[in-house]
Amino acid sequence: MKILITNGRVLDPAHGIDEKFDVLIEDNRIAQVGTDIQTADAEKIDAAGCLVVPGLIDIHVHLRDPGFEYKEDIESGTRAAAAGGFTAVACMPNTSPVNDNKATTQYILHKAAQAGHAKVYPVGAITKGLKGESLAELGDMKQAGCVAVTDDGHPVSHGEIMRRALEYARSFDLPIVSHSEDLSLVGDGVMNDGFVATELGLRGIPWVAEVSAVARDVMLAEYTNARLHVAHVSTRGAVEIIRAAKARGARVTAETAPHYFTLTEDAVRGYDTHAKMNPPLRTSDDLEAIREGLADGTLSVIATDHAPHHPDEKNVEFNLALNGIIGLETALPLTLRLVEEGALSLSDAIACLTSGPAAALSLPGGTLEVGRPADVTIIDPEIKWTLDPQAGQSRSRNTPFGDWKLKGRAICTIVDGRITYRLSD
Amino acid sequence: MAFNHKHILGIEQMSAEDITLILDTAESFKDVSLRSIKKVPTLRGKTVINVFFEASTRTRTSFEIAGKRLSADTVNISASTSAVVKGETLEDTAKNLEAMKPDIIVMRHSCSGAPHYLAERCDFSVINAGDGAHEHPSQALLDLLTIRQKKGHIEGLTVAIIGDITHSRVARSNVYALNKLGAEVRLCGPGTMLPPGIERLGAQVFDRIDDAVSGADVVMMLRIQQERQGKTMLPSLREYSMFYGLTPDRMKLAKPDAIVMHPGPMNRGVEISSAVADGPQNVILDQVENGVAVRMALLYLVSGGEKLEDSAQ
Chain A
1 MKILITNGRV
11 LDPAHGIDEK
21 FDVLIEDNRI
31 AQVGTDIQTA
41 DAEKIDAAGC
51 LVVPGLIDIH
61 VHLRDPGFEY
71 KEDIESGTRA
81 AAAGGFTAVA
91 CMPNTSPVND
101 NKATTQYILH
111 KAAQAGHAKV
121 YPVGAITKGL
131 KGESLAELGD
141 MKQAGCVAVT
151 DDGHPVSHGE
161 IMRRALEYAR
171 SFDLPIVSHS
181 EDLSLVGDGV
191 MNDGFVATEL
201 GLRGIPWVAE
211 VSAVARDVML
221 AEYTNARLHV
231 AHVSTRGAVE
241 IIRAAKARGA
251 RVTAETAPHY
261 FTLTEDAVRG
271 YDTHAKMNPP
281 LRTSDDLEAI
291 REGLADGTLS
301 VIATDHAPHH
311 PDEKNVEFNL
321 ALNGIIGLET
331 ALPLTLRLVE
341 EGALSLSDAI
351 ACLTSGPAAA
361 LSLPGGTLEV
371 GRPADVTIID
381 PEIKWTLDPQ
391 AGQSRSRNTP
401 FGDWKLKGRA
411 ICTIVDGRIT
421 YRLSD
Chain B
1 MAFNHKHILG
11 IEQMSAEDIT
21 LILDTAESFK
31 DVSLRSIKKV
41 PTLRGKTVIN
51 VFFEASTRTR
61 TSFEIAGKRL
71 SADTVNISAS
81 TSAVVKGETL
91 EDTAKNLEAM
101 KPDIIVMRHS
111 CSGAPHYLAE
121 RCDFSVINAG
131 DGAHEHPSQA
141 LLDLLTIRQK
151 KGHIEGLTVA
161 IIGDITHSRV
171 ARSNVYALNK
181 LGAEVRLCGP
191 GTMLPPGIER
201 LGAQVFDRID
211 DAVSGADVVM
221 MLRIQQERQG
231 KTMLPSLREY
241 SMFYGLTPDR
251 MKLAKPDAIV
261 MHPGPMNRGV
271 EISSAVADGP
281 QNVILDQVEN
291 GVAVRMALLY
301 LVSGGEKLED
311 SAQ
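Protein chains in written order, with full-length UniProt numbering: chain A, 1 to 425; chain B, 1 to 313.
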């Protein structure tokens, strides 16, 4: 089967390509990228006015499967991914059972292969049961298909265990994804600590809870010469620490999520539980620092931290609501919004959704190089639409962007040469 | 002027005119409590449900008496927050209450924003009787009524509020209310009890009680809520009383005619010495008395405010 994508603006930041090219897909691989490609028997997709980019990769999603399928499962989660333009996602291990063993990893891969909407790369746990006490079988999980390890929402508080995890994972060239947060400073906080929390009478989480933990983890990565990927950076202080560490040559990468460069703590006013997340939405100064970090490459990855929850878990008092929002179907337009506002070049924006995440976790993909698997996303950057949470592909609806007027959207998602999503007119 | 609020969620949303109207209305209701038959027919046929998710005797009783003196049918529900653990959500509670067709729900809840949640989803009027560390509007209004009675005015006064500002809904509501009526507010407490940016609500911040009390017209002490302090907010109550307790000596720094207020219940010997609590400057029981009148005014005004002339005369 062949697909020929014609007349599109091909943008492949990994190779500095930004030109009007055709792309030919043959036998599930990128066969040719160039002008005037002639082929008789290919399905043709006219991409005039559109961007043709490497398949988007989201390295921080919660598919909730196994264990919490009422929020999301691998089928619905990957369907949402495809609808958002993602051809691959890395899924977090805080499932039930926890993905801290080969069997669970294999289950995830098996179900993902059946669903087929997007590639799924499991991320295993650092410690057994995410308890932060003893190392999980990192080598075995890597062999089974895990691309990284993390204790996700449960930061590894014990310094020595984090040190040993980094040392051990280094032997397997396995990146450690760090949810860097000092829980003793988080306390029972439910939003960013600051004037808005004071005004609303809600307990605050100080920025230093993130920054001090990022500092520890970055220093440990340098000390052990291991690979560290810092998840969901939300503060100016963390951006500055990561920038300095990278300048020193540390093997550190970092991501942020669209909500941290789009919303501030002001979104909590009115006690909107769709603005409750961890780390919490911060100040406009932090938002500015996140945008600067994306622009200068300190933050090389935009990930969604897609965290589906049932309406019953959000339709409660603010203190009691669970943390997190869905993000697979809004990440691309929110990132393009950043480009529209001049905070980021289009090429850098696409890099943060393709080559950046691929490099952070050493994933295949992230480029349109000939011979690579044909993971391609076609984006109409001009299409205007209004987000209707009820119309999403995710099983959950917990987004703060409901009714937002968005611009730009994936119109076609191709995984291994198969069309997994097509926007219907 | 007309009162245009369906709900009383906080002082933040009120104008100075709203506050003055409530205080004036409360004044006119005060004498109902002094009659031998303490009842007017104003809210006859109206149903008021007091839903208290957090323990309270003073505020709940005050609202209940207020409702009864206006001839409303008042019902009390004390639901501990453990009802949440038992499974009923606030939304279900709200739906159940709505099905009983109340006119007004008076709600106290340990979660900031809970009354707002109810107000958004239901037809009845909601009066916030204290939500988390957010607002306690009826308390601030009764404080203002007391100050106005004792001082004759509010504009231009200096009011020092001392104690655990971080956890105090009373402090927040009072800062808004006093600011709107032109008083100068000082907030004082140890660093662990002064939340970030609190000065932006419109107050001067002090970490020494002597400085805060000096020249004040009103000294308002807050209860040290021992259950909220944990182990990290204070070394000991003994030390707190040494550095932040209101003693007769410290009261001498205030204006000679200054009054002492406390929302209660007091921890004698901790935030306030008995000599001050029982001294001539205290107006603590006046606050309680005014509480009933203010709550009558709130129930009356959110009900539409008809028949005031008949009922209060």
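Cβ coordinates follow ideal geometry from the N, Cα and C atoms, glycine included.
In terms of DSSP beta bridges, what is B:Phe-52 paired with? B:Ser-78 and B:Arg-108
Does DSSP put B:Pro-102 in a helix, in a strand, or in coil? coil
Taking DSSP's pairing of strands, which residues face A:Asp-12 in a bridge? DSSP lists A:Ile-17 as the bridge partner or partners of A:Asp-12.
When we look at the beta-carbon of A:His-110 and count the other beta-carbons within 10 Å, is it buried (16 or more) or exposed? exposed
Given a cut-off of 8 Å on the beta-carbon distance, is the pair B:Gly-163 and B:Glu-271 in contact? yes
Does DSSP put A:Ile-74 in a helix, in a strand, or in coil? Of the three classes helix, strand and coil, the one that applies to A:Ile-74 here is helix, per DSSP.
Is it true that the CB of B:His-116 sits closer than 8 Å to the CB of B:Leu-9? yes
Alpha carbon of B:Pro-235 to alpha carbon of B:Asp-207, nearest angstrom: 16 Å
Please list, in chain order, all residues of the same chain as A:Asp-375 whose beta carbon is under 6 Å from its beta carbon, the five residues on each side excluded. Gly-55, Thr-87, Gly-365 and Val-415
Taking a Cβ distance cut-off of 8 Å, strictly less, list which residues of the region 183-203 of chain B are near chain A, in chain order. Pro-195, Pro-196, Gly-197, Ile-198, Arg-200 and Leu-201
Between A:Ala-42 and A:Leu-11, which are expected to be in contact by the criterion C-beta below 8 Å, what is the C-beta distance as a whole number of angstroms? The beta carbons of A:Ala-42 and A:Leu-11 sit about 21 Å from each other, so the pair does not count as a contact at 8 Å.
Reducing DSSP to helix, strand and coil, say where A:Cys-50 ends up. Shown here, A:Cys-50 sits in coil according to DSSP, grouped into three states, outside any helix or strand.
So which residues on chain A does B:Ala-140 lean against when the C-beta distance must stay under 7 Å? Chain A residues near B:Ala-140: none, gap ~14 Å exceeds 7 Å.
With DSSP as the reference, please indicate the residues paired to A:Arg-422 in a beta bridge. A:Cys-412
What does A:Tyr-271 reach in chain B if we use C-beta pairs closer than 8 Å? Ser-112, Gly-113, His-116 and Tyr-117
List, in chain order, every chain A residue whose beta-carbon is nearer than 7 Å to that of B:His-134. Leu-200 and Gly-201
Within 10 angstroms of its Cβ, does B:Met-100 collect 16 or more other Cβ (buried), or is it exposed? exposed
For the region 174-261 of chain B, list the alpha helix (DSSP H) runs that are entirely contained and at least 4 residues long, ordered along the chain. 209-213, 226-229, 237-244 and 248-251
Flag this pair as yes or no: are the beta carbons of B:Ala-258 and B:Gln-281 separated by less than 8 Å? In this structure, B:Gln-281 lies closer than 8 Å to B:Ala-258 by Cβ.
Check this for me: beta carbons of B:Ile-284 and B:Ala-277, under 8 Å apart or not? yes
Which of the three DSSP states, helix, strand or coil, is assigned to A:Ile-108? helix
Determine the direct distance from the alpha carbon of B:Thr-42 to that of B:Ser-311, and round the result to whole angstroms. Residue placement at B:Ser-311 is poorly supported in this model, since its pLDDT is 46, which falls under 50; the coordinates are not used for a value here.
Given that B:Arg-169 touches chain A, what residues does it touch there, using C-beta distances under 7 Å? Within 7 Å Cβ-Cβ: Gly-201.
Are the beta-carbon atoms belonging to A:Tyr-107 and A:Leu-363 less than 8 Å from one another? Not a contact, by the Cβ cut-off of 8 Å.
Beta strand (DSSP E) segment containing A:Pro-381, residue limits: 376-386 is the extent of the beta strand (DSSP E) around A:Pro-381.
CB contact below 8 Å: B:Leu-90 versus chain A: Yes, contact with chain A.
Note the first and the last residue of the continuous alpha helix (DSSP H) segment covering A:His-60. Following the DSSP letters along the chain, one finds A:His-60 in no alpha helix (DSSP H) but inside the beta strand (DSSP E) bounded by residues 56-61.
Considering just the uninterrupted stretch of the beta strand (DSSP E) at B:Thr-25, what are its terminal residues? Unbroken run through B:Thr-25 is the alpha helix (DSSP H), 16-30; no beta strand (DSSP E).
Is it true that the CB of A:Ala-47 sits closer than 8 Å to the CB of A:Thr-105? No; because the gap between Cβ atoms is not below 8 Å, this pair is not in contact.
Buried versus exposed, by CB contacts within 10 Å (16 or more), B:Phe-52: buried
Taking the C-alpha atoms as reference points, what is the distance between A:Gly-342 and A:Thr-304? One alpha carbon belongs to A:Gly-342, the other to A:Thr-304, and they sit about 21 Å apart.
Using DSSP with H/G/I as helix, E/B as strand and the rest coil, what is B:Ile-37? coil
Taking just the CA atoms, how far does A:Lys-407 sit from B:Ser-303? 46 Å
DSSP puts A:Pro-91 in a beta bridge; with which residues? Here the sequence assigns Cys to residue 91 of chain A, which means Pro is not the residue at that position. In DSSP, A:Cys-91 forms a bridge with A:Val-61 and A:Pro-122.
Given a limit of 7 Å on CB to CB distance, which residues of the region 146-174 of chain B reach chain C? Any reference to chain C falls outside this structure, whose protein chains are A and B.
Counting only the same chain and skipping the five closest in sequence on each side, list residues whose C-beta sits under 6 Å from that of A:Ile-383. Arg-409
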